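Numbering (the UniProt record's numbering), first residue to last: 1 to 242. Report on the structure given below.
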């Protein structure tokens, strides 16, 4: 079953422009959808608990996450037309189903529908807001607050108290050393906010985790809801609907 909140918000006529060209695929943990400089020839709509990170890479080989995308959005050529060189790496953090479309087909559909163009433009605005907020968050807030924000954001996308990621992966996303994130995780566990097992981080008290998070989590969500009010959690599109 493939789910995506952005697609379900489309009108029947707009969905009809995309349906013949959507392909159900499985994305695997660690899979690279594109790297900096690649021509973005495909657009992905994550479903279920699938999560993709946009990662900014340095010459040293280190990187940090700039944005997280799950079933609420899309990865790939959303607004641009013609040549679409990627600036970031798109890497699958949590595996699962997705719908894939050739970006040229998506562009053709946007030419035919002003409402489709508007939806993807507004989504691009929401994604940009997440990236901009991340810049401020990384500069101004403590690692613990940033970690709490990341866990909340990820939990929203997997829709479960169990987040199937290691502390090592969390450290990579936050751009810090593994030993550093271990100390933060221990502190959160000691306060009863999370616990962790091999390959999993489990949210034990979401309310208190939100209290420990910085303001960035709420700010990004509020902007998304204002810009895309029709993209609601209860809306689900499945592969059988296509």
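By construction, the Cβ of each residue, glycine as well, lies at the ideal position given by its N, Cα and C atoms. Bear in mind the structure is a predicted one, so any value in this text is a computation, not a measurement.
Measuring CB to CB, does residue i end up less than 7 Å from residue j?
| i | j | result |
| --- | --- | --- |
| residue 101 | residue 50 | no |
| residue 217 | residue 146 | no |
| residue 47 | residue 126 | no |
| residue 56 | residue 64 | yes |
| residue 298 | residue 203 | Residue numbering for the chain in the displayed model covers 1 to 242; residue 298 lies beyond these limits and cannot be assessed. |
| residue 193 | residue 209 | yes |
| residue 40 | residue 70 | no |
| residue 36 | residue 87 | yes |
| residue 45 | residue 7 | yes |
Along the chain, where does the alpha helix (DSSP H) containing residue i start, and where does it finish?
| i | result |
| --- | --- |
| residue 104 | 103-112 |
| residue 208 | 206-212 |
| residue 158 | 143-158 |
| residue 8 | 5-8 |
Please list the terminal residues of the continuous beta strand (DSSP E) segment that includes residue i.
| i | result |
| --- | --- |
| residue 12 | Unbroken run through residue 12 is the alpha helix (DSSP H), 12-18; no beta strand (DSSP E). |
| residue 227 | Here residue 227 belongs to no beta strand (DSSP E); instead the alpha helix (DSSP H) covers 216-227. |
| residue 47 | Where residue 47 is concerned, there is no enclosing beta strand (DSSP E), given that its DSSP letter is neither H nor E. |
| residue 63 | 63-69 |
Report the CB separation of residue i from residue j in whole angstroms; it is logged as a contact under 8 Å.
| i | j | result |
| --- | --- | --- |
| residue 18 | residue 139 | About 38 Å; that fails the 8 Å criterion. |
| residue 151 | residue 174 | Not quite, the Cβ-Cβ distance comes to about 11 Å (not below 8 Å), so this is no contact. |
| residue 72 | residue 5 | 5 Å |
| residue 67 | residue 131 | 5 Å |
| residue 220 | residue 136 | Their Cβ separation, rounded to whole angstroms, is 11 Å, which puts residue 220 and residue 136 out of contact at 8 Å. |
Practice prompt. Please specify which runs of the alpha helix (DSSP H), each continuous and at least 4 residues long, are wholly inside the segment 168-201, giving them in chain order.
Written response: 178-190
Worksheet item: Is there contact between the segment 49-67 and the segment 88-95, where contact requires at least three CB pairs shorter than 8 Å?
Response: yes
Practice prompt. Pair every Cβ in the segment 116-124 with every Cβ in the segment 10-27, then say whether three or more of these pairs are closer than 8 Å.
Written response: yes
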